Amino acid sequence: MTKTRIYPGMLDKSLEYFQVHDVVYFLQNGVVKKFTEREHHSELQEVIDNDRKLKTVLTQLCGPEPTQQQMLLAKCRFGGLDFEPDFKEGKSSHDYRECSKRGNCIGENIVCRPPLINGKEVSQQELKILRYCSGNTKNEAIASEMNIPYGTLTVMKTKIYKKYNFQTKQQSATTLMAKGLL
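Using the working numbering, the final residue of the sequence shown is 177, and nothing's skipped along the way.
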């Protein structure tokens, strides 16, 4: 049985930002437009205004121009295309983005945010293990690829599954897929 999923904003007023190459788009009311085709992004400005540290870092990265700050926030915090709306009924939900600047950016975990599963932050190592375990690769090969002992991987995997309340590999993979993490 196939389950059809519809991206946020295709059939409702929820708002989904996403990035393709270097261009930021948004999807709302069934219409996809470039970020620059909408004059005001008040929901992004509200996020910036309510977080002093975020505003400071965005000013360092983009200067004082609100549109540039909003675009960087849309790109880094909300720029993944997934099945959860970035903005719906006044509430926001961030996306996880792969980034070549991870580990070297002043905005890390301020502008962007680590992924969440069941309300809990996922570390880079946990995400790597969950991604490996979502495929067909055997645990022995995963341990070898990650250069860790097989027993250590087994213990880590058990702890990760318990932390995020996963019972099966399929449940883990489905959750990662829905959140745009696979």
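The beta-carbon is built from N, C-alpha and C at its ideal position, and this holds for glycine as well. Here the structure is a predicted model, which means the values were calculated and not measured.
Inclusion of LYS83 and ASP17 in the CB contact set at 9 Å is not warranted, their separation being larger than that value. In the three-state reduction of the DSSP assignment, GLU11 falls in the strand class, which pools E and B. The C-alpha of THR163 lies about 25 Å from the C-alpha of ARG92.
At a Cβ-Cβ threshold of 9 Å, ASP77 and LYS154 do not count as neighbours. About 32 Å separates the Cβ atoms of VAL106 and LEU148, ruling out a contact at the 8 Å cut-off.
For the set GLY75, ILE43, CYS71 and ILE137, the Cα lying nearest the Cα of GLU60 is the one of ILE43. Your pair LEU39 and GLN65 checks out as a contact, with CB atoms roughly 4 Å apart and the cut at 8 Å.
In terms of CA proximity to HIS89, GLU116 leads the group CYS100, ARG126, ARG97 and GLU116. With a 10 Å radius around the Cβ and a threshold of 16 neighbouring Cβ atoms, GLN166 comes out exposed. Annotation: LYS70 to GLU32 spans about 15 Å, alpha carbon to alpha carbon. Inside the segment 68 to 153, DSSP marks whole alpha helix (DSSP H) runs of 4 or more residues at positions 119 to 128 and 134 to 141, from first to last along the chain.
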